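Using the numbering used here, the first residue of the sequence shown is number 1493, and each one after it goes up by one.
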Amino acid sequence: MGRTMDTIRTQCLKQLDKHLREYKVLKSLWRLFHKANPDVQKSRYLFGLNEYSTEQNAIDIGTDTFPAFKTAYETYIDLHDALMGRHADELKNIITNYQPNGTPLDTAMHTLRKNLNGVINAAKSSY
């Protein structure tokens, strides 16, 4: 899933001018898009953006430009939260109700759907 997010992010980067804020966020602050719980309250200096901002604000800047990336990011976070929280029913609902939108995330979700029993067992497992 993480590699899929990076692929979608780089596809979005190729469509932007290199001097835009959105480009700077997507290019240099890529780790924020893999964070499960970005900091919403604390404002800190973000080096790629060269300004003080919250992590959630930087994520919003990066995702607002591309709706497909925003839905992929939200799906990624929902899957991560369900898996880490061991919510097997929620995880099953996310995987089975996913609507393909023409991104590399479709392939990852198809793989998860194909191996749904193993994914659900992994969510239920204590390991």
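Don't be surprised by glycine CBs; every beta carbon is placed ideally from N, CA and C. Quick caveat: nothing in here was measured; it's all calculated off a predicted structure.
Can you give me the start and stop residues for the beta strand (DSSP E) that leucine 1538 sits inside?
Taken as a continuous stretch (DSSP letters only), the beta strand (DSSP E) holding leucine 1538 covers 1536-1538.
What residues in its chain sit with their C-beta under 8 angstroms from that of tyrosine 1544, if we drop five residues either side in the sequence?
Excluding its 5 nearest sequence neighbours in each direction, tyrosine 1544 has C-beta neighbours in its own chain below 8 angstroms: Ser1535, Arg1536, Tyr1537, Leu1538, listed in chain order.
Do you know offhand how far glutamate 1547's Cα is from arginine 1605's?
Roughly 31 angstroms between the two C-alpha positions.
At the level of alpha carbons, what is the spacing between histidine 1572 and threonine 1603?
Distance between the alpha carbons of histidine 1572 and threonine 1603 is about 16 angstroms.
Can you give the beta carbon distance from isoleucine 1553 to glutamate 1514, rounded, assuming they're within the 8 angstroms contact cut?
Yes, they are in contact, since the Cβ atoms of isoleucine 1553 and glutamate 1514 sit about 6 angstroms apart, within 8 angstroms.
Which class does serine 1520 belong to by DSSP, given the choice of helix, strand or coil?
In the structure shown, serine 1520 sits in a helix (DSSP, three-state: H, G or I).
Classify lysine 1527 as buried or exposed, calling it buried when 16 or more other Cβ atoms lie within 10 Å of its own Cβ.
Exposed: under 16 other Cβ atoms inside 10 Å.
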